[in-house]
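Protein chains in written order, with my numbering: chain P, 1 to 150; chain C, 151 to 504. By construction, the Cβ of each residue, glycine as well, lies at the ideal position given by its N, Cα and C atoms. Bear in mind the structure is a predicted one, so any value in this text is a computation, not a measurement.
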Amino acid sequence: MVPTILVEEDFPRPTHRSGLVYRFTPKHHDGHDPDAARWLPELTRDEEFGVFELADDRAIADDDGNLYGLLRGVDGDLRDLGTWEQVIAEFPFARPGEPWHGYPVWPVNGSAPEHRRGQVCRPATEAFDRLFDAGLISRGEKKRLRSGKL
Amino acid sequence: MHPAVHAIDLGDFEVVHALPDPGGGAGFCFGSEDGRLLLTDENGLVLGDPVQAVTSREAVNDVVRHGDYLAVSTRADITFMTASTDESLRRSLLSIGAHGLAVTRTGVFVASAGRPGWVFAEPPRGGRAEPVATQIDWPDTYMYRTVVLDDGRGNDVLACAMRKAGVGAARFNGAKGGLSLGQLTYPSFVAADLCGIGGPADPLAVAAAGLDGTLVFYRDVLTDRDPQAWRMTTIEGEVYRIMACHGHLAVLTSRALYLLPDVVTEFLSAVGRPLPARGFVIPVKAVDANAVADRYILVVKDDNIVLRVDVRAVAEAVARNIPSSSVAGLGSQIVSLRGVEYLRESAARAMAAV
Numbered sequence: 001m002v003p004t005i006l007v008e009e010d011f012p013r014p015t016h017r018s019g020l021v022y023r024f025t026p027k028h029h030d031g032h033d034p035d036a037a038r039w040l041p042e043l044t045r046d047e048e049f050g051v052f053e054l055a056d057d058r059a060i061a062d063d064d065g066n067l068y069g070l071l072r073g074v075d076g077d078l079r080d081l082g083t084w085e086q087v088i089a090e091f092p093f094a095r096p097g098e099p100w101h102g103y104p105v106w107p108v109n110g111s112a113p114e115h116r117r118g119q120v121c122r123p124a125t126e127a128f129d130r131l132f133d134a135g136l137i138s139r140g141e142k143k144r145l146r147s148g149k150l
Numbered sequence: 151m152h153p154a155v156h157a158i159d160l161g162d163f164e165v166v167h168a169l170p171d172p173g174g175g176a177g178f179c180f181g182s183e184d185g186r187l188l189l190t191d192e193n194g195l196v197l198g199d200p201v202q203a204v205t206s207r208e209a210v211n212d213v214v215r216h217g218d219y220l221a222v223s224t225r226a227d228i229t230f231m232t233a234s235t236d237e238s239l240r241r242s243l244l245s246i247g248a249h250g251l252a253v254t255r256t257g258v259f260v261a262s263a264g265r266p267g268w269v270f271a272e273p274p275r276g277g278r279a280e281p282v283a284t285q286i287d288w289p290d291t292y293m294y295r296t297v298v299l300d301d302g303r304g305n306d307v308l309a310c311a312m313r314k315a316g317v318g319a320a321r322f323n324g325a326k327g328g329l330s331l332g333q334l335t336y337p338s339f340v341a342a343d344l345c346g347i348g349g350p351a352d353p354l355a356v357a358a359a360g361l362d363g364t365l366v367f368y369r370d371v372l373t374d375r376d377p378q379a380w381r382m383t384t385i386e387g388e389v390y391r392i393m394a395c396h397g398h399l400a401v402l403t404s405r406a407l408y409l410l411p412d413v414v415t416e417f418l419s420a421v422g423r424p425l426p427a428r429g430f431v432i433p434v435k436a437v438d439a440n441a442v443a444d445r446y447i448l449v450v451k452d453d454n455i456v457l458r459v460d461v462r463a464v465a466e467a468v469a470r471n472i473p474s475s476s477v478a479g480l481g482s483q484i485v486s487l488r489g490v491e492y493l494r495e496s497a498a499r500a501m502a503a504v
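1) Measure the Cβ-Cβ separation of Val434 (chain C) and Val449 (chain C) and say whether it is below 8 Å.
2) Would you mind stating whether Leu187 (chain C) and Pro200 (chain C) have Cβ atoms separated by less than 8 Å?
3) Could you please give the first and the last residue of the uninterrupted alpha helix (DSSP H) stretch that includes Val74 (chain P)?
4) If we ignore side chains and look at the alpha-carbon of each, how far apart do Val258 (chain C) and Ala271 (chain C) end up?
5) Please confirm if the region 267–285 of chain C is in contact with the region 174–190 of chain C, defined as three or more CB-CB distances below 8 Å between the two stretches.
6) Tell me which residues share the same chain as Phe49 (chain P) and place their Cβ nearer than 7 Å to its Cβ, disregarding the 5 neighbours each side in the sequence.
7) Going by DSSP, name the residue or residues bridged to Leu140 (chain C).
8) Between the region 280–292 of chain C and chain P, which residues of the former have a C-beta closer than 8 Å to a C-beta of the latter?
9) So the candidates are P:Glu8, P:Asp46, P:Gly19; which of them puts its Cα closest to the Cα of His29 (chain P)?
10) Using a Cβ cut-off of 7 Å, which residues of the region 82–94 of chain P contact any Cβ in chain C, in chain order?
11) Could you name each continuous beta strand (DSSP E) segment of 3 residues or more that falls completely within the region 358–391 of chain C, going from the start of the chain to the end?
12) Going along chain C, which residues have a C-beta under 7 Å from Val108 (chain P)?
13) In whole angstroms, give me the CA-to-CA distance for Gly65 (chain P) and Glu208 (chain C).
14) So what's Leu145 (chain P) in DSSP terms, helix, strand or just coil?
15) Based on DSSP bridge pairs, tell me the residues matched to Glu210 (chain P).
16) Going by C-alpha to C-alpha distance, which of P:Arg146, P:Glu141, P:His101 sits closest to Glu388 (chain C)?
17) Go ahead and pull the three-state DSSP assignment for Ala436 (chain C).
18) DSSP puts Pro170 (chain C) in a beta bridge; with which residues?
19) In angstroms with no decimal places, state the Cα-to-Cα distance between Gln333 (chain C) and His16 (chain P).
20) Smallest Cα separation from Pro34 (chain P): which of C:Glu491, C:Gly185, C:Gly277, C:Arg265?
21) If the cut-off is 9 Å on Cβ atoms, which residues from the region 440–466 of chain C count as contacting chain P, listed in chain order?
22) Using alpha carbons as the reference points, say which of C:Arg391, C:Gly217, C:Leu344, C:Met393 lies closest to Arg275 (chain C).
23) Going along chain P, which residues have a C-beta under 8 Å from Asp159 (chain C)?
24) How many angstroms separate the CA atom of Trp106 (chain P) from the CA atom of Asn471 (chain C)?
25) Should the region 436–451 of chain C be called in touch with the region 322–339 of chain C, which here means at least 3 C-beta pairs below 8 Å?
26) How many angstroms separate the CA atom of Arg240 (chain C) from the CA atom of Leu189 (chain C)?
27) When you compare the CB positions of Gly247 (chain C) and Arg225 (chain C), do they come within less than 8 Å of one another, or not?
28) Which residue wins for smallest C-alpha separation from Ala498 (chain C), given the options C:Asp191, C:Leu331, C:Cys310, C:Gly194?
29) Under three-state DSSP, which class holds His16 (chain P)?
30) Can you tell me whether DSSP reads Ser419 (chain C) as helix, strand or coil?
31) Just to make sure I have the definition right: I need the residues of chain P whose C-beta is within less than 9 Å of the C-beta of Lys326 (chain C). Which are they?
32) Smallest Cα separation from Arg303 (chain C): which of C:Asn323, C:Gln483, C:Val297?
33) Give every residue of the same chain whose Cβ lies closer than 8 Å to the Cβ of Leu70 (chain P), excluding the five residues on either side of it in the sequence, and list them in chain order.
34) In whole angstroms, give me the CA-to-CA distance for Ile228 (chain C) and Ala427 (chain C).
35) Spatial neighbours of Leu487 (chain C) within its chain, please: C-beta separation below 6 Å, excluding the five flanking residues on both sides.
36) Based on the DSSP output, what are the partners of Ala478 (chain C) in its beta bridges?
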């Protein structure tokens, strides 16, 4: 289990494909911000980084360069990544040389809090197409995810 | 395939949702992955071209009609459609995503919006160009699937599957003054879906399904604090839907459709009756399903085939012991659910329309 992350902390190595540095952030782990999506406490650092590594390795990006990843359990089913059963994680685009971070994304967009107005709080549609094209989700999973079904 | 199961092939229409014809006809309506709606007759014969209902081209996850208005929800938005005087479609949009929709008797559309709670929307009326929306949420809840029940005295009651937050219920007399939500949570119970099962004597009876196959039956979802519960021990896959149909119960999982004959009828007429030992099981990789016309379950498969399951015919086959590879023994056990009850008030907030 990942201990609560109190300070920003980088994973010990960058991604294999693009050499991206991944940073664990308290905001998406400690639960202090009720509006922030939170990684499941049961998820290890290696697993969280693995979601990012997969996203970078398979280049699962939307048109803005944000990366998307997921994780499968031993039974082959999509694993929950977030505390509210989110199964997709988003890694917002970071400029070259800057560390990346990520969080589980809600399947539907809600009314974003005032400080996040204008943000799209759900995975981009093309992300599902790219996950499917890469063979990472089945046709049925793509349809359910695109429909916002848990 | 069992003769009570009819396959509807929708070709390259990437179907993700099925429902009764919202126009009140005997046929069906299907929603696609790119925001279109398609009507068919009861046998699946396509009636006309698909309509691009959702301009964002997001996948349709629910369609509800009240009066002249059709509301179509996706994970990104809710579209209200009505025919204008020149027969073209007039649309208005609410930019909030939803998992699904319900509608009250008075025409208030109720969107299950996840963490943002319930969104109550009234379509444009009386010269207004945009819908009016109100939002009510409670901390640590997740509105996933809502049904509107009539309490038999002309009042609406909302019941909701709230995932890890359990099952919620609230009397609804309009959203502006806020709502009082009765919430029941159980350890390890993730409420995946629920459906109304009552008749005139038990208008607020509800069955809820947990992700792991636990089925919970409330005689009155507002007041019943000791619901009967069983766990389906032979169930495979994660539960997607629970549907009542003609006194029977259907449970859709990620692996199969389970039809449990007479469960609703027996729950409403007796106490403590176990789940049936035999049921009808169709292994299927489904995307979604819906009960239609108190007769069919429409199962949307991942390959654009929709299975129309005639629930009455299937239940009859099970009751008569008609040989079928789909009739299977079902294991179940009574479980004791120790719920934690909350009564939580929340105020309403007005939302910007678009």
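Concretely, from the data shown:
1) yes
2) yes
3) Premise fails: Val74 (chain P) is in no alpha helix (DSSP H) and is neither H nor E.
4) 6 Å
5) no
6) Phe11, Tyr22
7) Only positions 151 to 504 of chain C appear in this structure, which leaves residue 140 (chain C) out of reach.
8) Gln285, Pro289, Tyr292
9) P:Glu8
10) Trp84, Glu85
11) 364–368, 378–382
12) Arg225, Gly247, Ala248, His249, Ala263, Gly264
13) 20 Å
14) helix
15) This structure cannot settle anything about residue 210 (chain P), because the visible part of chain P is limited to 1 through 150.
16) P:Glu141
17) strand
18) C:Phe178
19) 47 Å
20) C:Arg265
21) Val450, Lys451, Asp452, Asp453
22) C:Gly217
23) What Asp159 (chain C) touches in chain P: nothing, since even the nearest Cβ is about 16 Å away.
24) 46 Å
25) no
26) 19 Å
27) yes
28) C:Leu331
29) coil
30) helix
31) By Cβ distance, chain P contributes nothing, its closest Cβ being about 17 Å from Lys326 (chain C), past 9 Å.
32) C:Asn323
33) Val51, Leu54, Leu78, Arg79, Leu81, Val87, Ile88, Ala89, Leu131, Leu136, Ile137
34) 42 Å
35) Tyr336, Ala379
36) C:Gly429
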